[in-house]
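S.K.: Going line by line, the protein sequences match chains A and B. All residue numbers for the first sequence refer to the working numbering, where the first residue is 8 and numbers rise by one. All residue numbers for the second sequence refer to the working numbering, where the first residue is 85 and numbers rise by one. Below you will find the structure I want to go over with you.
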Amino acid sequence: MITTTNLTKRFGQVEAVREVSLDVREGDRYGLLGPNGSGKTTLVRMLLGLVYATSGSISVLGEPVPRHVSRALPEIGALIEEPAAYPHLSGRANLRLLDAAGPHGVRRTRRRRVDEALEQVGLAGIDRRPVRAYSLGMRQRLGLAAALVRRPRLLILDEPTNGLDPRGIRDMRDLLIGLNDSGVTVFLSSHLLPEVSALCTRIGVLDSGRLVLQDQLATLQEPTGRVLVSTDDPELAAATLDGLVEQRDGADLVIRSADPAALNARLVGAGVPVRSLVAQQRTLEDVVLSVTGSGSDQFGVPAPAEALPPTSAQDEAS
Amino acid sequence: MIAVELLKLSRRLRTWVSVGLICALPLVVAIFIAVTHLAPPPGQGSAFLSAVLDDGQLYPAAALALVLPVFLPVAVAVVAGDSIAGEATGGTLRYLLARPVGRTRLLVAKLVTVITFTVLAVIAVTVTSYATGVLILGPSRAAAVGTPPGGLSGAIAPGAGGGPTAGLQPGTAITSLSGTPLSTLQLVERVLGAMAFITVSMLGVAAIALFLSTITNSALGAALGSLAALVGSEILVTLNAATAVQPYLPTRYWLAWIDFFRQPIFWRNIDRGFGIQAVYVVVFLAAAWANFATKDITT
């Protein structure tokens, strides 16, 4: 659905996007993660033909962008940074105007599609007030309705949960999953890890304009083949598992083992007093932080002093 | 797309307020003149104003002369300057383009909207000032002044109390600037000519403002920038030292529409005025298109 090859955008001296090769497949719920300033918005704007690439190529819905972007855009619903609307008009009037703009909004079905989109985002009934009087969350919903009004095959959403309250975030998630189930491919960007991990099936991570990771979420979150062991006798444990201990911090050990049960039996058999034993599974946060560099503090989590060893997925991305 | 843009224009309060204000100025002036009977002496003040006490039907011409130097260009510059920059600032530009609305198509729609606004404003001024002139200043009761006597006064007298229709009576003569009478048909033709010329004169401003509107994201900046260009042009037009460049200044022939009211019409400056505006329109629209079509939309 979206393919970019070595996409680069330079604004003067600044390289906002560097050599990005995205691969979004039909049916994906793709989450593009990255801290603020990592180039997400520039990338999204390039996909929509708003910003022209310095080098590299883009194909969206099979059409080369920007050359034939106008062939792809009618089937794309987009939310680009904040939603925008004419403040003196009502939400409904805004949708009608936007749908009438350009050659592709079929007039005959407009009323029905506008109603349907307002219904989908939960704005039905309160859409007659001028947008000026809308709250941030309502504007966000209206922006999403504008993206949905032409029943697109592909949704490109930049930070779609901005300004939404927890209820709104869950509504948005349910809506996007529902649309995805009915065949809509969803591409969204976000700096919120929990959002993406709850919603997306596939992720890409941007860091300082580079795509440092791109894989199925399920693959990334597979057990790491390591077991965390806490024991009162780390010396004995280390002696028993000679060679398998990857890291040791006081009473806590990181042990390479694909089979926690067997490991436990072995330790207990050797008389090691095991206090806890957990198969390590990586969170999305671990995954992202392990591949992002200096900018990663903008996720609001300090970068780990020692990055985890690479997995196969990272090898693929590098 | 053009229909959408016109709809947007019509649903903005600003559009109607500015047209209203443009029409209000001649009304206020007419009321003052009617109350005091103090028109500026010939050769002073705004064109035609000295003659309107003599003939209310000339008031549309006087009204156009009143709004031409400031009111009309300001209104046009505001609408044209807002066209792209306003959408950019509001964030709606990116959604329009992603709809998709082609960039060239959007620019053309905006241009058509600005032209429509200009035509609307010029027509509104002409119509309201005709009504004002005939109702407040009265139809050509002053045919007695200066022009062939007797018969004319007589011809007009019955129509004097009859409101606007009086002006349409055949045989009512209006004096051209050259001193020879104009028939009503001629007057209508010439007012239409003047309206067309003034509209075209505004297109130069509109093109400059539209160009600036594609460069900056500030609607105010674009409007003021184009007005600054006009003020600069006005200053150079009156500066003897700048004679060399004067034929190329956008405001040089702005007043040439007055020549429509000469008998016969004095075409030289009118033609030049049309020509210079055409050059400005083509150059600045081309520049606007070249800039907008290749611009990164980052707002």
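Where is the CB? At the ideal position from N, CA and C, for every residue including glycine. The model shown is predicted, which means the values in this text are computed figures rather than measured ones.
1) How many Å lie between threonine 216(B) and valine 272(B) at the Cα?
2) Under 9 Å between C-beta atoms, does glycine 98(A) make it to chain B?
3) Excluding five sequence neighbours on each side, which residues of the same chain lie with their C-beta closer than 6 Å to the C-beta of tyrosine 214(B)?
4) Quick one: is glycine 174(B) near chain A, going by C-beta distance under 9 Å?
5) Should the stretch 130–149 of chain B be regarded as contacting the stretch 44–51 of chain A, the criterion being three or more beta carbon pairs within less than 8 Å?
6) Mapping the DSSP letters down to three states, classify phenylalanine 350(B) as helix, strand or coil.
7) Taking Cβ positions only, does proline 90(A) come closer than 9 Å to chain B?
8) With 16 other CB atoms within 10 Å as the buried threshold, where does isoleucine 207(B) fall?
9) Near alanine 306(B), what residues of its chain come up, given a Cβ to Cβ distance below 7 Å and the 5 sequence neighbours on each side ignored?
10) Please look up how many angstroms separate the CB atoms of tyrosine 337(B) and asparagine 353(B), rounded, as I've assumed it's under 8 Å.
11) Alpha carbon to alpha carbon, what distance is there between tyrosine 93(A) and alanine 147(B)?
12) Here's the rule: buried if 16 or more other CB atoms are within 10 angstroms of the residue's CB, otherwise exposed. What is glutamate 242(A)?
13) Among Gln288(A), Arg160(A), Ala265(A), which one has its Cα closest to the Cα of aspartate 35(A)?
14) With a cut-off of 9 Å, does the C-beta of glycine 238(B) fall near any C-beta of chain A?
15) Any idea which residues DSSP pairs isoleucine 360(B) with across the strands?
16) Counting only beta-carbon separations shorter than 9 Å, does aspartate 110(A) have a partner in chain B?
17) Using a Cβ-Cβ cut-off of 8 Å (strictly less than) and excluding sequence neighbours within five positions of leucine 252(B), which residues of its own chain qualify?
18) Beta carbon of alanine 107(A), beta carbon of arginine 117(A): below 9 Å?
19) Would you decide whether glycine 238(B) is buried or exposed? Buried here means 16 or more other CB atoms lie within 10 Å of its CB.
20) Between the C-alpha atoms of histidine 95(A) and serine 302(B), what's the straight-line distance to the nearest angstrom?
21) In whole angstroms, what is the alpha-carbon distance linking leucine 247(A) and glycine 175(A)?
22) Does the Cβ-Cβ distance between tryptophan 39(B) and alanine 278(B) come in under 9 Å?
23) Going by other Cβ atoms of all chains shown within 10 Å of its Cβ, with 16 needed for buried, is leucine 274(A) buried or exposed?
24) Taking only runs of the alpha helix (DSSP H) that begin and end inside the stretch 253–294 of chain A, which ones reach a length of at least 4 residues, in chain order?
25) Answer yes or no: do threonine 99(B) and valine 163(B) have a C-beta to C-beta separation smaller than 9 Å?
26) Express the C-alpha separation of alanine 377(B) and threonine 188(B) in angstroms, rounding to a whole number.
27) Should leucine 156(B) and valine 198(B) be called a contact, given that it needs their Cβ atoms to be closer than 9 Å?
28) Would you say lysine 194(B) lies against chain A (beta-carbon separation less than 9 Å)?
29) Can you give, in chain order, each stretch of the alpha helix (DSSP H) that sits fully within the stretch 87–160 of chain B and has at least 4 residues?
30) Entirely within the stretch 169–227 of chain A and at least 3 residues each: give me those beta strand (DSSP E) ranges in chain order.
31) Just reading off the beta strand (DSSP E) that alanine 23(A) is part of, what are its end residues?
32) Below 8 Å, is the gap between the Cβ of serine 285(B) and the nearest heavy atom of the ligand NAD?
33) In chain order, what residues of the same chain have a beta carbon less than 6 Å from the beta carbon of valine 229(B), not counting five sequence neighbours either side?
34) Determine the DSSP secondary structure at asparagine 101(A), reduced to helix, strand or coil.
35) Can you tell which of Glu89(B), Leu287(B), Ser130(B), Gly104(B) has its C-alpha closest to the C-alpha of glycine 359(B)?
36) Quick test of your reading: leucine 224(A) and glutamine 287(A), contact by CB under 8 Å. State the CB separation rounded to the nearest angstrom.
M.R.: Quick look at the numbers:
1) Going by the C-alpha atoms only, they are around 16 Å apart.
2) Using a CB distance cut-off of 9 Å, glycine 98(A) does not count as an interface residue toward chain B.
3) Shown here for tyrosine 214(B): same chain residues with a beta carbon closer than 6 Å to its own, the five before and five after excluded, namely Pro144 in chain order.
4) Yes - at least one Cβ of chain A is within 9 Å of the one on glycine 174(B).
5) In short, these stretches do not touch, since the Cβ pair count stays below three.
6) Three-state result, phenylalanine 350(B): coil.
7) Using beta-carbon distances, proline 90(A) counts as an interface residue toward chain B, with a partner under 9 Å.
8) Classification of isoleucine 207(B): exposed, given that the 10 Å Cβ count is below 16.
9) Take alanine 306(B), set aside five residues on each side of it, and the residues of its chain with a beta-carbon closer than 7 Å to its own are Gly165, Ala169, Ala293, Leu296, Ser297, Thr300, in chain order.
10) With a Cβ gap of about 5 Å, tyrosine 337(B) and asparagine 353(B) count as contacting.
11) The straight-line gap from Cα to Cα measures roughly 35 Å.
12) With fewer than 16 neighbouring CB atoms inside 10 Å of its own CB, glutamate 242(A) falls in the exposed class.
13) The candidate whose alpha carbon is nearest that of aspartate 35(A) is Arg160(A).
14) Any reading at glycine 238(B) is ruled out, since the residue's pLDDT is 35, under 50, leaving its predicted position unreliable.
15) According to DSSP, isoleucine 360(B) bridges with nothing at all.
16) The question names aspartate, but residue 110(A) is proline in the sequence shown. Chain B, which has a Cβ nearer than 9 Å to the Cβ of proline 110(A), makes this yes.
17) Confidence is the limiting factor: at leucine 252(B) the pLDDT is only 37, short of 50, which leaves the residue's position unreliable, though a coordinate-based value still follows. Only Thr268 meet the Cβ criterion.
18) Cβ distance < 9 Å, so alanine 107(A) and arginine 117(A) count as in contact.
19) Note that glycine 238(B) has pLDDT 35, beneath the 50 cutoff, so the model's placement of it is unreliable and no number is given.
20) Straight-line Cα distance between these residues: approximately 19 Å.
21) Reading the sequence as shown, one finds threonine at residue 247(A) and not leucine. Cα to Cα, the separation comes out at about 52 Å.
22) Because residue 39(B) is not part of the residues shown, which for chain B are 85 to 383, the question remains open.
23) It is buried - the Cβ of leucine 274(A) has at least 16 other Cβ atoms within 10 Å.
24) Listed in chain order, the complete alpha helix (DSSP H) runs (minimum 4 residues) inside the stretch 253–294 of chain A are 267–276.
25) Cβ atoms of threonine 99(B) and valine 163(B): closer than 9 Å.
26) Their Cα atoms are separated by approximately 7 Å.
27) For leucine 156(B) and valine 198(B), no; Cβs fall outside 9 Å.
28) For lysine 194(B), the answer is no, since every Cβ of chain A falls outside 9 Å of its Cβ.
29) Complete alpha helix (DSSP H) runs here, min 4: 97–120, 143–151.
30) Fully contained in the stretch 169–227 of chain A are the following beta strand (DSSP E) runs of length 3 or more, in chain order: 192–197, 209–214, 217–223.
31) Annotation: the continuous beta strand (DSSP E) that includes alanine 23(A) extends over 21–27.
32) No copy of the ligand NAD appears in this structure; indeed no ligand is present at all.
33) Caution is warranted here: a pLDDT of 36 is assigned to valine 229(B), below 50, making its placement in the model unreliable, and the coordinate value is therefore given only provisionally. Excluding residues within five positions, the ones whose Cβ falls inside 6 Å are Asp138.
34) DSSP places asparagine 101(A) in helix when its eight states are reduced to three.
35) The candidate whose alpha carbon is nearest that of glycine 359(B) is Leu287(B).
36) Glutamine 287(A) and leucine 224(A) do not touch by the CB rule: their CB atoms are close to 17 Å apart, not below 8 Å.
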